[in-house]
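Trainee: Shown below is the structure under consideration.
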Amino acid sequence: MENRYQRHLQLNEVGPSGQEKIRKSSVLVVGAGGLGCPALQYLTAAGVGLLGIMDPDVVSPSNLQRQILFTENDLGKNKATCAKAFLSKINSEVEIIDYPFALTHENSEEQIAKFDLVIDGTDNFYTRYLISDQCLLLDKVMVYGALYKFEGQVTVFNYKNGPSYRCLFPSPPKMGAIPNCSEIGVLGVVPGIIGIYQATEALKIILEIGDILSGKLLCVNLLNHNHTTFNFPKNSVEIDAIKKQQKVIPIENQDCFVDFELSLDQLSSKKKILWIDVREKEESPRIAHLNVKEFPLSQQLSLEPFHNSEEQIIVFCQTGLRGKLFVQKLRELGIQNCFSLKEGAAELSIWAEKNKD
Amino acid sequence: MGLRVRYFGQLQEITGKKEESLTGVFGTIGNLRAHLIRCYPGLEKIHFKIAQDNTIDIDSSEVNGTLIDLLPPFSGG
Chain S
350 MENRYQRHLQ LNEVGPSGQE KIRKSSVLVV GAGGLGCPAL QYLTAAGVGL LGIMDPDVVS
410 PSNLQRQILF TENDLGKNKA TCAKAFLSKI NSEVEIIDYP FALTHENSEE QIAKFDLVID
470 GTDNFYTRYL ISDQCLLLDK VMVYGALYKF EGQVTVFNYK NGPSYRCLFP SPPKMGAIPN
530 CSEIGVLGVV PGIIGIYQAT EALKIILEIG DILSGKLLCV NLLNHNHTTF NFPKNSVEID
590 AIKKQQKVIP IENQDCFVDF ELSLDQLSSK KKILWIDVRE KEESPRIAHL NVKEFPLSQQ
650 LSLEPFHNSE EQIIVFCQTG LRGKLFVQKL RELGIQNCFS LKEGAAELSI WAEKNKD
Chain G
717 MGLRVRYFGQ LQEITGKKEE SLTGVFGTIG NLRAHLIRCY PGLEKIHFKI AQDNTIDIDS
777 SEVNGTLIDL LPPFSGG
């Protein structure tokens, strides 16, 4: 049978030794969205040995216009898991791991350490700075791509001691200053092109060929075909400041922490819900008329029972804060059907009274 | 000496322009930034970078190029 990598093997710049480099490489793609989908598709086809896909989101109808790994059958299912299923059919030789949870300052070191290189396919500054700082601390290459309407930016950070994201943009913008795709719209092909640029840079780095976009920001405007590459220097002050921290510190712009929160007015009282109360036993009010499981965080009970819950899980506490953190933990364990309640126990108590049978 | 100033991404909407020509003596990149923010106050909340002749430069550098590009961070993916 013909070798599936024949067209790579024919290239002097790749050949059998280059293909072996690709097979031995490992890439983590954070965000299986507009950028991540096309990057993942080509990296899988190219035969990257180990691919990690991290995304906490589920596929929604508005994703299908540009996120080309998903079908209508995937609606409501986790993106990382669906992407893995699709990609496995393209190339069964690639080991693919799905991480159906978010990258956080608590798990970033462990997750990124497993891979040679990270592709940033996210849509928010919180995760971009997190990937950047963690890659800097672990000395991993980060292939950055981002877009605005018909324009895209591509560059490579931390390549052979080169500049980092903070050398370009030292501090994140204030919340809401820069809109993302879900707020302003994007022509579907634009992330496709930028994501493929990212996959191209990743393969060139793995193959050790060509000129890498390190210290160079490529700006592409697909409406007028203006492609400009801007040089930018390393900023040792910014890099040293991160290195001195020794661990990543989350930025204040939490523009992505809205996904798994539900508000009472989004719920129908008839829906089967398992309510998890993560407060301590002495906190009041206690909740009547609902299917509540008490789960005081101080007791450090086993999370095992949550794995097989067929009901939707909604976690609540006094203010919503502990619930949010607990849901993140559950999602890291692969439990997807869980959300935190935006309101606190007092509001829930009133809602429960009002909606009792 | 005339400067050709180009706006990227969201900055085109804030300024209402894709590009423009500026005349005057600005001294440093930082002074040029301040001048542009006075002309377009909406620029102030954006942490944009300024490149001259295709190199991103710091605010303390002298303006000695002819092509100035204003680059905002992008977040979309």
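Top to bottom, those sequences are chains S and G. In the numbering used here, each residue carries its 1-based index in the first sequence increased by 349. In the numbering used here, each residue carries its 1-based index in the second sequence increased by 716. Idealized CB from N, CA, C, for every residue including glycine.
1. What residues from chain S crowd round Ile762/G, counting only those whose CB sits closer than 8 Å?
2. Rank Lys523/S, Met403/S, Pro519/S, Leu485/S by C-alpha distance to the C-alpha of Gly511/S and give the top, closest one.
3. How is the alpha helix (DSSP H) around Phe435/S delimited, first residue to last?
4. Based on the DSSP output, what are the partners of Trp624/S in its beta bridges?
5. Does the Cβ of Ala590/S have 16 or more other Cβ atoms within 10 Å, making it buried, or fewer, making it exposed?
6. Any Cβ of chain S within less than 9 Å of the Cβ of Asp775/G?
7. For Thr771/G, list the residues DSSP reports as bridge partners.
8. Would you mind telling me which residues of chain G sit closer than 9 Å to Asn473/S, beta carbon to beta carbon, in chain order?
9. Flag Ile784/G as yes if its beta-carbon sits less than 9 Å from any beta-carbon of chain S, otherwise no.
10. Pop quiz: Phe688/S and Leu611/S are said to be a contact at Cβ under 8 Å. What is the actual Cβ separation, rounded to whole angstroms?
11. Quick one: what's got a C-beta closer than 8 Å to Ile417/S's C-beta in the same chain, skipping five residues either side?
12. Considering only the beta carbon of each residue, do Tyr776/S and Tyr478/S sit closer than 9 Å?
13. Under three-state DSSP, which class holds Thr744/G?
14. Give the single residue among Gln483/S, Val397/S, Asp469/S whose Cα lies nearest to the Cα of Lys593/S.
15. Output the residue ranges of the alpha helix (DSSP H) runs that lie fully inside the segment 475 to 529 of chain S and measure 4 residues or longer, sorted by chain position.
16. Near Ala695/S, what residues of its chain come up, given a Cβ to Cβ distance below 7 Å and the 5 sequence neighbours on each side ignored?
17. Identify the residues that DSSP records as bridge partners of Asn565/S: which are they?
18. Suppose you measure from the CA of Val664/S to the CA of Glu455/S; what does that come to, to the nearest Å?
19. Is the beta carbon of Leu716/S less than 9 Å from the beta carbon of Leu436/S?
20. Return helix, strand or coil for Phe688/S, following the three-state DSSP convention.
21. Can you pull the DSSP bridge partners for Asn575/S?
22. Considering only residues of the same chain and omitting the five flanking positions on each side of Ala750/G, which have a CB-CB separation below 7 Å?
23. Ordered along the chain, which non-local residues of its own chain (more than five positions away) have a Cβ less than 7 Å from that of Ala429/S?
24. Taking the straight line between their C-alpha atoms, what separation do you get for Lys734/G and Phe724/G?
25. Kindly list, in the order they appear in chain S, the residues whose Cβ is closer than 9 Å to that of Lys765/G.
26. Does the distance from the CB of Arg415/S to the CB of Gly396/S come in under 9 Å?
27. Closer than 9 Å, Cβ to Cβ, to anything on chain G: give me those residues from the segment 542 to 562 of chain S, in chain order.
28. Helix, strand or coil: which one does DSSP assign to Val407/S?
29. Residue range of the alpha helix (DSSP H) that Thr393/S falls in?
30. Spatial neighbours of Lys464/S within its chain, please: CB distance less than 8 Å, with the 5 preceding and 5 following residues excluded, ordered by chain position.
31. Could you have a look at Ser374/S and say whether DSSP puts it in helix, strand or coil?
32. Mind checking who Asp469/S pairs with in its DSSP beta bridge?
33. By how many angstroms is the C-alpha of Arg754/G removed from the C-alpha of Gly732/G?
34. Closest to Ala462/S by C-alpha separation, out of Met491/S, Phe419/S, Ala434/S, Gln649/S, would be which residue?
35. Select from Val741/G, Tyr756/G, Thr739/G the residue whose C-alpha is nearest the C-alpha of Ile730/G.
Mentor: Taking the coordinates as given:
1. Pro522, Ala526, Ile527
2. Leu485/S
3. 428 to 439
4. Val641/S, Ile663/S
5. exposed
6. no
7. Asn580/S, Gln768/G
8. Ser791, Gly793
9. no
10. 5 Å
11. Cys386, Pro387, Gln390, Gly541
12. Residue 776/S is absent from the model: chain S starts at 350 and stops at 706.
13. strand
14. Gln483/S
15. 514 to 517
16. Pro634
17. Note on identity: in this sequence residue 565/S is Lys, with Asn being the wrong assignment. Per DSSP, Asn580/S.
18. 20 Å
19. No answer is possible for residue 716/S: it lies beyond the span of chain S, which begins at 350 and ends at 706.
20. strand
21. Asn570/S
22. none
23. Ala381, Ile402, Met403, Asp404, Asp447, Tyr448, Pro449
24. 7 Å
25. Leu517, Phe518, Leu566, Phe579, Phe581
26. no
27. Ile543, Gly544
28. strand
29. 385 to 395
30. The amino acid occupying residue 464/S in the given sequence is Phe; Lys does not appear at that position. The residues are Ser375, Val376, Leu377, Leu399, Gly401, Lys489.
31. coil
32. Val379/S, Tyr493/S
33. 15 Å
34. Met491/S
35. Tyr756/G
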